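What follows is a single structure, written as structure tokens, with notes after it.
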Amino acid sequence: MQKISKIFLYDEPSVPEIKIEQLATFLGDTLQIPVEIRENFFKHFTLDKTISHKLASSRIYNIYTPFESHQPTKEEIQAEEAIDKSSDNIILYDGFEIQNILRDSIPERELERDIFHLIITTKLGCTYDYDDYRYHGRAVICSNPAIISTTGIIEAPAKPREYYLFLQQKMALGLNLDVLKEQFRGRFLEYHDKRLNIIIRGYALQAIFYHITLDPFCHFKECILHNAHWQEDLIYTQTKSGKLCDQHKKILELIKNHE
Ligand SMILES: [Zn+2]
Numbered sequence: 060m061q062k063i064s065k066i067f068l069y070d071e072p073s074v075p076e077i078k079i080e081q082l083a084t085f086l087g088d089t090l091q092i093p094v095e096i097r098e099n100f101f102k103h104f105t106l107d108k109t110i111s112h113k114l115a116s117s118r119i120y121n122i123y124t125p126f127e128s129h130q131p132t133k134e135e136i137q138a139e140e141a142i143d144k145s146s147d148n149i150i151l152y153d154g155f156e157i158q159n160i161l162r163d164s165i166p167e168r169e170l171e172r173d174i175f176h177l178i179i180t181t182k183l184g185c186t187y188d189y190d191d192y193r194y195h196g197r198a199v200i201c202s203n204p205a206i207i208s209t210t211g212i213i214e215a216p217a218k219p220r221e222y223y224l225f226l227q228q229k230m231a232l233g234l235n236l237d238v239l240k241e242q243f244r245g246r247f248l249e250y251h252d253k254r255l256n257i258i259i260r261g262y263a264l265q266a267i268f269y270h271i272t273l274d275p276f277c278h279f280k281e282c283i284l285h286n287a288h289w290q291e292d293l294i295y296t297q298t299k300s301g302k303l304c305d306q307h308k309k310i311l312e313l314i315k316n317h318e
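Numbering of the sequence shown is given in the working numbering, commencing with residue 60 and proceeding in unit increments.
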């Protein structure tokens with residue numbers, strides 16, 4: 060097992076529903092590892108022009124082709140620099156590209172393997188899947204630094220099957236998305252959903268368990284390490300159950316004792 064002696068937790072202030080102090084306390088208490096909160100990653104490590112350029116280059120415009128570096132426009136680079144301005148458009152990035160760019164921004168002395176960086180961001184990292192030849196948005200991209208995307212938590216796990224059926228039917232009749240959302244309210248997460256504060260705990264633990272054991276995901280729906288593919292499962296696992304299964308409790312004991 061990989062030992063972690065320190066966790067740096069990077070805040071995403073544009074999602075105030077996530078109470079970063081509560082998350083830090085939860086992780087510190089659960090893992091018995093010191094957690095230090097930092098401001099937004101892109102503020103803490105001042106971005107220079109090259110990094111903004113690299114970030115803009117890692118955007119994805121065609122989800123059906125594997126990654127090709129994109130030649131960014133001036134506007135795209137400026138948009139990366141304007142970190143305080145949140146955009147309503149969802150921008151897709153190649154998850155591994157973005158991870159490398161963020162890793163390159165961290166100074167050498169903080170890249171020891173026992174120092175873990177957990178970045179919360181609205182940026183949506185995607186990975187290309189050769190099973191169906193397309194990119195998929197990811198809520199969490201493991202490794203170190205690990206990236207949890209608040210956009211990914213909302214967009215990556217699927218909404219209920221009936222939602223998509225209704226959506227298709229209503230499209231044909233002229234759609235009112237608000238009515239549809241009202242009908243399914245509570246069954247999937249929306250932007251600025253208060254439940255994000257609890258739901259992010261499971262993703263944070265998954266990222267940390269990955270770094271420590273390389274085997275973070277659990278097939279039990281009751282375990283908060285369960286990697287939910289459906290919004291309803293995600294909500295159930297994290298807000299109704301909210302615990303580790305017996306097997307992962309044992310692994311947690313090993314982690315706490317640094318064995
Ligand atoms: Zn488990």
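All C-beta atoms in this analysis are idealised placements derived from N, C-alpha and C, irrespective of residue type, glycine included.
Quantities reported herein were computed from a predicted structural model and do not represent experimental measurements.
Residue i, buried or exposed, once every other Cβ within 10 Å from all chains shown has been counted against 16
i           : result
residue 123 : exposed
residue 211 : buried
residue 342 : The structure shown does not extend to residue 342, since the chain is modelled only from 60 to 318, so the question has no answer here.
residue 268 : buried
residue 312 : exposed
residue 261 : buried
residue 168 : exposed
residue 276 : exposed
residue 255 : buried
Which of helix, strand or coil DSSP assigns to residue i
i           : result
residue 79  : helix
residue 70  : coil
residue 272 : helix
residue 299 : helix
residue 263 : helix
residue 217 : strand
residue 314 : helix
Rounded Cβ spacing between residue i and residue j (contact assumed at less than 8 Å)
i           : j           : result
residue 283 : residue 302 : 6 Å
residue 263 : residue 177 : 6 Å
residue 163 : residue 117 : About 12 Å; that fails the 8 Å criterion.
residue 119 : residue 189 : So it is not a contact: roughly 15 Å between Cβ atoms.
residue 64  : residue 92  : 7 Å
residue 157 : residue 206 : 7 Å
residue 69  : residue 179 : 6 Å
residue 216 : residue 293 : 5 Å
Residue interval of the alpha helix (DSSP H) (run including residue i)
i           : result
residue 212 : 209-214
residue 109 : 108-116
residue 100 : 100-103
residue 220 : 220-232
residue 138 : 133-140
residue 290 : 290-294
residue 242 : 236-242
First and last residue of the uninterrupted beta strand (DSSP E) at residue i
i           : result
residue 193 : 193-196
residue 97  : 94-97
Beta-bridge pairing of residue i - partner residues as DSSP gives them
i           : result
residue 184 : 152
residue 63  : Per DSSP, none; premise fails for residue 63.
residue 199 : 207
residue 175 : 66
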